[in-house]
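Asks:
Protein chains in written order, with my numbering: chain A, 3 to 356; chain B, 3 to 356.
1. What is the C-beta distance between residue 16 of chain A and residue 325 of chain A, in whole angstroms, given that I count them as a contact (C-beta under 8 Å)?
2. May I ask you to list, following chain order, the residues of the stretch 104-125 of chain B that have a beta carbon less than 8 Å from some beta carbon of chain A?
3. Using the three-state DSSP reduction, which class does residue 12 of chain B fall into: helix, strand or coil?
4. Does DSSP put residue 160 of chain A in a helix, a strand or coil?
5. How many whole angstroms separate the CB atoms of residue 127 of chain B and residue 195 of chain B, which I take to be in contact at a CB cut-off of 8 Å?
6. In three-state terms, what does DSSP make of residue 223 of chain B?
7. Counting Cβ pairs, one atom from each stretch, are 3 or more of them under 8 Å apart for the stretch 231-241 of chain B and the stretch 275-282 of chain B?
8. Residues in its own chain within less than 8 Å of residue 89 of chain A by CB, not counting five upstream and five downstream?
9. Any C-beta of chain B sitting closer than 7 Å to the C-beta of residue 156 of chain A?
10. Closer than 9 Å, Cβ to any Cβ of chain B: which residues of the stretch 171-184 of chain A, in chain order?
11. I want to check one thing, is the minimum distance from the CB of residue 172 of chain A to the heavy atoms of the ligand GDP below 6 Å?
12. In whole angstroms, what separates the C-alpha of residue 335 of chain A from that of residue 348 of chain A?
13. Based on the DSSP secondary-structure assignment, which residues constitute the bridge partners of residue 255 of chain B?
14. Using a Cβ cut-off of 8 Å, pull out every chain B residue sitting near residue 256 of chain A, in sequence order please.
15. So what's residue 3 of chain B in DSSP terms, helix, strand or just coil?
16. Within 10 angstroms of the Cβ of residue 34 of chain B, are there 16 or more other Cβ atoms? Answer buried if so, exposed if not.
17. Would residue 300 of chain A count as contacting chain E if we go by Cβ distances under 7 Å?
18. How about residue 187 of chain B: is its C-beta nearer than 7 Å to some C-beta of chain A?
19. Distance check for residue 151 of chain B and residue 201 of chain B, CA to CA, integer angstroms please.
20. Are residue 354 of chain B and residue 64 of chain B closer than 7 Å when you measure CB to CB?
21. Hey, out of B:213, B:317, B:327 and B:111, whose CA is closest to residue 252 of chain B's CA?
22. What does residue 326 of chain B reach in chain A if we use C-beta pairs closer than 7 Å?
23. Strictly below 7 Å CB to CB, what residues from chain B border residue 264 of chain A?
24. Under a CB-based cut-off of 7 Å, is residue 47 of chain A close to chain B?
25. Report, in whole angstroms, the separation of the C-beta atoms of residue 211 of chain B and residue 166 of chain B, which I expect to be a contact under 8 Å.
26. Just to confirm my understanding: we take residue 296 of chain A, look at its own chain, exclude 5 residues before and 5 after, and list those with CB closer than 6 Å. What are they?
27. In chain B, which residues lie with their C-beta within 9 Å of the C-beta of residue 77 of chain A?
28. Roughly how many angstroms separate the alpha carbons of residue 356 of chain A and residue 289 of chain A, rounded to a whole number?
29. Out of B:13, B:32, B:28 and B:19, which has the shortest C-alpha to C-alpha gap to residue 218 of chain B?
30. Between residue 69 of chain B and residue 78 of chain B, what straight-line distance do the alpha-carbon atoms span, to the nearest angstrom?
31. According to the Cβ coordinates, are residue 153 of chain A and residue 183 of chain A closer than 7 Å?
32. Kindly indicate if chain B contains any beta-carbon less than 7 Å away from that of residue 274 of chain A.
33. Please state if the CB of residue 321 of chain B and the CB of residue 206 of chain B are separated by a distance shorter than 7 Å.
34. Compare the Cα-Cα distances from residue 11 of chain A to each of A:197, A:287 and A:267 and report the closest residue.
35. From residue 3 of chain B to residue 294 of chain B, what does the alpha carbon distance come to, in whole angstroms?
36. When the Cα of residue 168 of chain B is compared with those of B:25, B:193, B:259 and B:224, which residue comes out closest?
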């Protein structure tokens, strides 16, 4: 019931053994399928976690921003993919050139304008064309991948392949269908590149929910992020066993007012994410029948399944709905093993949005 | 269309003149009604903004955590109210004693256990009893305020009055009714204290939506927070004129893929807050007919009202749904006046959750 540490709540705790097991399991899965693994570091923002992933065989890291790339390059990661259609102005161009001096860097493109701006700043840069596999966020249609790749190549960029993020896999029952849609989109996009004279070397996809159903005949690379920790969304989607969830927020019971159970883990600790299908604003790791029914900045109101509430002053472990946003609110991760605190890891890329 | 500064996006910009006008308007309103103003600093987490509020006549600041109190006490604020039912263990007690050496500090209580724990650490501490005026989060029923106050006084605490947060005012059409419920709850609670031999000196309420309808015959003090900046929630509730919104997130157009307009201001810059009644994940300050229809960590997908989309690489100003959470994601606020950057203010209490 109590946290593994008497430091003030709320704070994030990582179970070192579960983390190691999650890292090993995804590395093993990718190796078995002959897929390269390039985990998305936006989930953990931690050079310490990245080191575990690279040591387990990851070919490099995925990041969302140049600022994240800078943190992980400085920490020694030799190969970074910015899976984002960057708009590269002069300032970002200078930062990318600095980065390219210390690591292999590739970047996403999904427009001719974006490709031209990048090429003007970083001639010959490695790029992957982003494809929309159904999330309808960024990325071109699969059949447009070849024409864009050809335009990008004409600006002098080195087009290495295609990628997609099947974000619509974050819905109940979706992962298998979405993995099929992802494979179909990537297959079409890769074919489109080939038709335009560009042989794709990298065909990259794979979110945590869809990874297990990834099509190894089409994909060459997986980029899951959340799997290292798990979260309440993955728990509720059934893609992560709650017994494997490696990160939680230790919270204190601060009130019983009105028969409510109120914890001090609000949206400034957990993040405010709540998908339409979620059963609440997070889950209680040790109390699967409890639900977080109301969340404000410093209060989580919990519907408790039993008559008797945990005592005021007691501590409980809350699993954030979306671990990537919860980690980005913290300065550090408290690492525990068997009830002992064994380290405190900085969230070095917290707030690295640019 | 472009931001006032060429620094990388996304970043938060504050219009100094609008901020000053908002600070002055609330100060004037409170003074006119004879109400003390104790703004909630969780919104801005900025000693620079706090200084403006105190200079305009605020009697002190409200904070949500001891860590926030520490930041503002260090910045010279002489009077702080922690509007939260703190659980005070030995470590928090030591911090509160340090705080009390440099500022007048009062704390919320809503349970006998909480009062006892506080009294054990900080004998004679000033407290206000928290009352539930309808949000059903923390706070005792108004009729229970007197009995709790008496128990708290018996532990040696100095019970100075009652407070409530009418958080259910954050709903369409609610503010006037909620302000009436707030006044009724505080009136009952104050009467309950008096019946138990404790004359309330402070009767404190007032969120930004309900402040305009606050009952000055009952309340002695207002604690609004959001009014300094405004946000998309207040805009959509009709409690803040969009022309008065002082804070926005400068974002870059990164994609037109699929006919979408995609900005780089995701939930890691804006926060993931979305009330059930909200029309989207934020609003475009200069384009009231646009809607943010999809938000992920680094992407905001915008439904654009016109045929022609703003160009890739262009900049737009996004108003977060909930400014308190957006500010808590940033390290600094870029302060502008008439298109010129006049300062960069640290978000000194960012992440001060404990």
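Each residue gets a CB set at the ideal place from its N, CA and C atoms; glycine is no exception. Being a predicted model, the structure only gives us computed values, none of them experimental.
Replies: Working from what's here:
1. Residue numbering aside, residue 16 of chain A sits at position 14 when the first chain is read from its first letter. Residue numbering aside, residue 325 of chain A sits at position 323 when the first chain is read from its first letter. That belief does not hold up - the Cβ atoms of residue 16 of chain A and residue 325 of chain A are roughly 10 Å apart, past 8 Å.
2. 112, 113, 115, 116 and 119
3. If you number the second chain from 1, residue 12 of chain B lands on position 10. DSSP places residue 12 of chain B in coil when its eight states are reduced to three.
4. Within the first chain, numbered from 1, the residue matching residue 160 of chain A stands at position 158. Strand at residue 160 of chain A.
5. Against the second chain, residue 127 of chain B aligns to sequence position 125. Against the second chain, residue 195 of chain B aligns to sequence position 193. At roughly 17 Å, the Cβ-Cβ gap does not stay under 8 Å, so residue 127 of chain B and residue 195 of chain B are not in contact.
6. As a position in the second chain, residue 223 of chain B is number 221, starting the count at 1. Correct three-state label for residue 223 of chain B: strand.
7. yes
8. Position 87 of the first chain, counting from 1, holds the residue named residue 89 of chain A. Within the same chain, residue 89 of chain A has close Cβ partners 116 and 119.
9. Here residue 156 of chain A is taken as the residue at index 154 of the first chain, counted from 1. Residue 156 of chain A does not count as touching chain B.
10. none
11. Of the ligands one can find in the structure shown there are none, so the ligand GDP has no counterpart to examine.
12. Here residue 335 of chain A refers to the residue found at position 333 when the first chain is read from its first residue. Here residue 348 of chain A refers to the residue found at position 346 when the first chain is read from its first residue. If you take the alpha carbons of residue 335 of chain A and residue 348 of chain A, they lie about 6 Å apart.
13. Taking the first residue of the second chain as 1, we reach residue 255 of chain B at position 253. Answer by DSSP bridge pairing, in chain order: B:265.
14. Walking along the first chain from the start, residue 256 of chain A turns up at place 254. By Cβ distance, chain B contributes 86, 87, 88, 89, 116 and 140.
15. As a position in the second chain, residue 3 of chain B is number 1, starting the count at 1. Note that residue 3 of chain B has pLDDT 36, beneath the 50 cutoff, so the model's placement of it is unreliable and no number is given.
16. Residue mapping note: residue 34 of chain B aligns to position 32 of the second chain, counting from 1. With fewer than 16 Cβ atoms within 10 Å of its Cβ, residue 34 of chain B is classed as exposed.
17. In summary, chain E is missing from the structure at hand, where the protein chains are A and B.
18. Here residue 187 of chain B is taken as the residue at index 185 of the second chain, counted from 1. Output row for residue 187 of chain B: interface = no.
19. Stepping through the second chain from its first residue, residue 201 of chain B is reached at position 199. Stepping through the second chain from its first residue, residue 151 of chain B is reached at position 149. Distance between the alpha carbons of residue 201 of chain B and residue 151 of chain B: 10 Å.
20. In the second chain, residue 354 of chain B corresponds to position 352, counting from 1. In the second chain, residue 64 of chain B corresponds to position 62, counting from 1. Their beta carbons are not under 7 Å apart, which means residue 354 of chain B does not touch residue 64 of chain B by this criterion.
21. Here residue 252 of chain B corresponds to residue number 250 of the second chain, with the count starting at 1. Nearest option by C-alpha distance: B:317.
22. Counted from its first residue, the second chain places residue 326 of chain B at position 324. Result: 299.
23. Indexing the first chain from 1 puts residue 264 of chain A at position 262. Those within 7 Å of residue 264 of chain A in chain B are 139 and 140.
24. Along the first chain, read from residue 1 onward, the residue named residue 47 of chain A stands at position 45. For residue 47 of chain A, the answer is no, since every Cβ of chain B falls outside 7 Å of its Cβ.
25. Stepping through the second chain from its first residue, residue 211 of chain B is reached at position 209. Stepping through the second chain from its first residue, residue 166 of chain B is reached at position 164. About 14 Å separates the two Cβ atoms, so there is no contact after all.
26. In the first chain, residue 296 of chain A corresponds to position 294, counting from 1. For residue 296 of chain A, where only same-chain residues beyond five positions count, the Cβ hits under 6 Å are 303.
27. Counting from one through the first chain, the residue named residue 77 of chain A turns up at place 75. By Cβ distance, chain B contributes nothing, its closest Cβ being about 20 Å from residue 77 of chain A, past 9 Å.
28. Counting from one through the first chain, the residue named residue 356 of chain A turns up at place 354. Counting from one through the first chain, the residue named residue 289 of chain A turns up at place 287. Cα to Cα, residue 356 of chain A sits roughly 38 Å from residue 289 of chain A.
29. Residue mapping note: residue 218 of chain B aligns to position 216 of the second chain, counting from 1. Nearest C-alpha to residue 218 of chain B: B:32.
30. The residue you call residue 69 of chain B lines up with position 67 of the second chain. The residue you call residue 78 of chain B lines up with position 76 of the second chain. If I take the Cα positions, the gap works out to 15 Å.
31. The residue you call residue 153 of chain A lines up with position 151 of the first chain. The residue you call residue 183 of chain A lines up with position 181 of the first chain. Their beta carbons are not under 7 Å apart, which means residue 153 of chain A does not touch residue 183 of chain A by this criterion.
32. Position 272 of the first chain, counting from 1, holds the residue named residue 274 of chain A. Interface residue, yes.
33. Translated into positions along the second chain, residue 206 of chain B becomes position 204. Translated into positions along the second chain, residue 321 of chain B becomes position 319. Not in contact: residue 206 of chain B and residue 321 of chain B (Cβ atoms no closer than 7 Å).
34. Residue 11 of chain A sits at position 9 when you count from the first residue of the first chain. It is A:267 whose Cα lies nearest to the Cα of residue 11 of chain A.
35. Reading the second chain from its first residue, position 1 is the one you call residue 3 of chain B. Reading the second chain from its first residue, position 292 is the one you call residue 294 of chain B. Any reading at residue 3 of chain B must be qualified, since the residue scores a pLDDT of 36, below 50, and its modelled position is unreliable; no value is offered.
36. On the second chain, residue 168 of chain B is found 166 positions in, with the first residue counted as 1. The option with the nearest alpha carbon to residue 168 of chain B is B:224.
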